[in-house]
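Data first, discussion second: the structure below is written as structure tokens.
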Amino acid sequence: MLDIRQLREAPEEIKTRLRNRNGESWRLVDEVLACDERRRAGETEKQTLQGERNRLSKEIGVMKKEGGDSAALESTVRGIGERIKAIGEEADAAEAAQTNLLLQIPNLPHADCPVGSDETANPVVREWGEKPGFPFAPKDHLEIGTRLGLFDFEVGTKISTGGFVVFTGPGAKLERALIQFLLDLHTEFHGYTEVAPPHIINRDCMYGTGQLPKFEEDMYGLEENAFFLAPTAEVPVTNLYRERILKEADLPIKVTAYTPCFRREAGSAGRESRGLIRMHQFDKVELVNIVHPDQSFAQLEKLTAEAEAVLQRLGLHYRIIELCTGDLGFSSAKTYDIEVWAPGHGGYLEVSSCSNFVDYQARRMRLRFKDADGNNRFCHTLNGSGTALPRLYVALLETYQQEDGSVKVPEALVPYMKREVIA
RNA sequence: GGUCAGGUGGCUGAGUGGUCGAAAGCACUUCUUUGCUAAAGAAGCGUGCCCCAAAAGGGUACCGAGGGUUCGAAUCCCUCCCUGACCGCCA
């Protein structure tokens, strides 16, 4: 949520920055300000009347104690009460409208965020490693995995529906090995605390991190959408700290979690979703940071490096791109995507998205810290995938495939897989 | 799922219609004193919003949430949520 005070002070600047995003959210700014004006006028009047009522009610109390007749005063106060109710309803309506609009306005892109309308304008920030060469034509992960019996899409569809897969035998073990490897890496080397949160999450949390109110249809709802299957661990983990006032010394907070993620992915199909690339349920290890506002952009660099460490240890070629204003997620001020090279697929696959939300989520969830002067200030929140599993899986199979159809296990995973080759 | 008991400030806990944002204790902060790894005393110590150019200050709301009754609600009534105990069921 944007700061209403900031909107009041610099509405034109905010509109300009919102216009760089896709969508028409900038048009809401004037509407919000109109609501804000009505709201404040109503509140001021209401509070004046409430003060009057409080004062007179006390007088009635005193009068009754002394045995006087308070009927006339009571009637006056009753009239004030009616006006409070009427004015209060207007003020409440204005406030509700204002909040509703604010919840629909996305975060401001960072001032340095490259301006562009879609992903073709995302600059490549850096690359690591090189595309591996093969003395044979590399196969894609579906062919490799099917031949080795690592997963079964047909039976996934049979017991659920399209977009769900069953990992089998060594394939299931590889999935588990990757989860272990990722959690160990982040807890042992990057200073993260591990949590295992619920996967069924209530609506308040969805508002807190920004999935609601705009993206309700992207999620799997339960109990008439009173709850949702978590689309990412970002939601439960960040909301662990919702409505809290932390001590400054508590920051930064770094929490990691493995969870399955559930997404409807309506309207996605084709080559970009072949095989494991886009599933309705997938595993992910998430990294969440809650930091001091002065630190958040520096922390975004560190967070990205922590996610990159995954690919480096696994020896997978990748590149970092920065999202331009038109491609930036709803709640984010700045985002780096990490894209891993998948030789059989013949393209880069997004395995991680590392974002700084600045105070946008924190304001929605009233997550604050008390600074040295005793003021309550909003924390900054960040998160990044560290990393998503299926595409990592794809890149591993395709990068480490051998001519005989077997797959070499990268050194970092051997202790978890307890073998050097999947054949 | 059922029955009963509860939900008050960071914590414990008093308050059953009026001067209660709320006693007291603990914790915390500052100061004083004695001195030594502690003790005693004093003061301070919730959050949001509104008014004010700002600071100072003032106002208003908040005692699980939302409604209602009343001149006036932490206190009475209704609905919901949550917690605990016991029973049932169960990995």
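Numbering (our numbering), first residue to last: 183 to 605.
Think of the CB as a built atom: it goes at the ideal place given N, C-alpha and C, for glycine as much as any other residue.
Here the structure is a predicted model, which is why all the values come from computation and not from measurement.
Asked, Found
"Classify Ala-412: buried if its beta carbon has 16 or more other beta carbons within 10 angstroms, exposed otherwise.", "buried"
"Thinking C-alpha only, which one of Val-297, Arg-385, Lys-429 is nearest Glu-549?", "According to the sequence displayed, residue 549 carries Leu and not Glu. With distances taken between Cα atoms, Leu-549 lies closest to Lys-429."
"In the DSSP assignment, what are the bridge partners of Phe-349?", "Phe-333"
"Please report the distance separating the alpha-carbon of Val-522 from that of Ala-223.", "54 Å"
"Which ranges would you report for the beta strand (DSSP E) in the stretch 565 to 603 if only whole runs of at least 3 residues count?", "none"
"Taking the alpha helix (DSSP H) that Pro-193 falls in, what are its first and last residues?", "193 to 201"
"Figure out for me which residue from Pro-572, Gly-270, Asn-289, Leu-215 has the closest Cα to the Cα of Cys-443.", "Pro-572"
"Write down the C-beta distance between Ile-262 and Glu-225 rounded to the nearest angstrom, noting that I regard them as a contact closer than 8 Å.", "Wrong, their Cβ atoms sit about 16 Å apart, outside the cutoff."
"Taking only runs that begin and end inside the stretch 484 to 562, name each unbroken alpha helix (DSSP H) of 4 or more residues, in chain order.", "542 to 547"
"Is it buried or exposed, Gln-494, if we count other Cβ atoms within 10 angstroms and call 16 or more buried?", "exposed"
"State the CB to CB distance for the pair Asn-384 and Ala-408, rounded to an integer number of angstroms; the pair is presumed to be in contact (CB under 8 Å).", "7 Å"
"Relative to the C-alpha of Leu-210, which residue among Arg-237, Val-467, Asn-282, Leu-364 is closest?", "Asn-282"
"Helix, strand or coil: how does DSSP classify Asn-471 here?", "strand"
"In this structure, what does DSSP give as the bridge partners for Ile-435?", "Ile-472"
"Taking contact to mean 3 or more Cβ pairs, one atom from each stretch, closer than 8 Å, check whether the stretch 572 to 591 and the stretch 327 to 344 are in contact.", "yes"
"Tell me which residues share the same chain as Ala-524 and place their Cβ nearer than 6 Å to its Cβ, disregarding the 5 neighbours each side in the sequence.", "Leu-531, Val-576, Ala-577, Glu-580"
"For Val-244, name the three-state secondary structure that DSSP assigns.", "helix"
"Which residue wins for smallest C-alpha separation from Thr-563, given the options Gly-556, Lys-436, Gly-529?", "Lys-436"
"CB-CB under 7 Å to Phe-183, same chain, minus the five flanking residues each way: which ones, in chain order?", "One detail in the question is off: residue 183 reads as Met in this sequence, not Phe. Same-chain partners within the cutoff: Leu-284, Leu-285, Tyr-542, Arg-545, Arg-546."
"Only counting the same chain, and skipping five residues up and downstream in sequence, which positions put a Cβ closer than 7 Å to that of Ser-252?", "Ile-242, Met-245, Lys-246"
"In the DSSP assignment, what are the bridge partners of Tyr-440?", "Val-467"
"Apart from the five residues just before and just after Leu-482, which ones in its own chain have a Cβ nearer than 8 Å to its Cβ?", "Lys-516, Tyr-518, Cys-536, Ser-537, Asn-538, Leu-564"
"Quick check on Ile-287: does DSSP put it in helix, strand or coil?", "coil"
"State the DSSP-derived secondary structure class of Gly-233, mapped to helix, strand or coil.", "helix"
"Could you tell me which residues DSSP puts in a beta bridge with Arg-308?", "Ile-502"
"Could you check what DSSP says for Val-377 in three-state terms: helix, strand or coil?", "strand"
"Helix, strand or coil for Phe-371 per DSSP?", "helix"
"Assuming Asn-384 is part of the alpha helix (DSSP H), what are its boundary residues?", "That residue, Asn-384, is in no alpha helix (DSSP H); its beta strand (DSSP E) goes 382 to 384."
"Per DSSP, Leu-428 forms a beta bridge with which residues?", "Phe-551"
"State the CB to CB distance for the pair Ser-513 and Asn-202, rounded to an integer number of angstroms; the pair is presumed to be in contact (CB under 8 Å).", "Not quite, the Cβ-Cβ distance comes to about 16 Å (not below 8 Å), so this is no contact."
"Using a 10 Å radius around the Cβ and a threshold of 16 neighbouring Cβ atoms, would you call Phe-560 buried or exposed?", "buried"
"In terms of residue numbering, what span does the beta strand (DSSP E) encompassing Phe-410 cover?", "409 to 411"
"Please determine, among Glu-256, Gly-529, Gly-249, Ile-287, the residue with the shortest C-alpha to C-alpha distance to Asp-212.", "Ile-287"
"Alpha carbon to alpha carbon, how far is Val-297 from Glu-468?", "28 Å"
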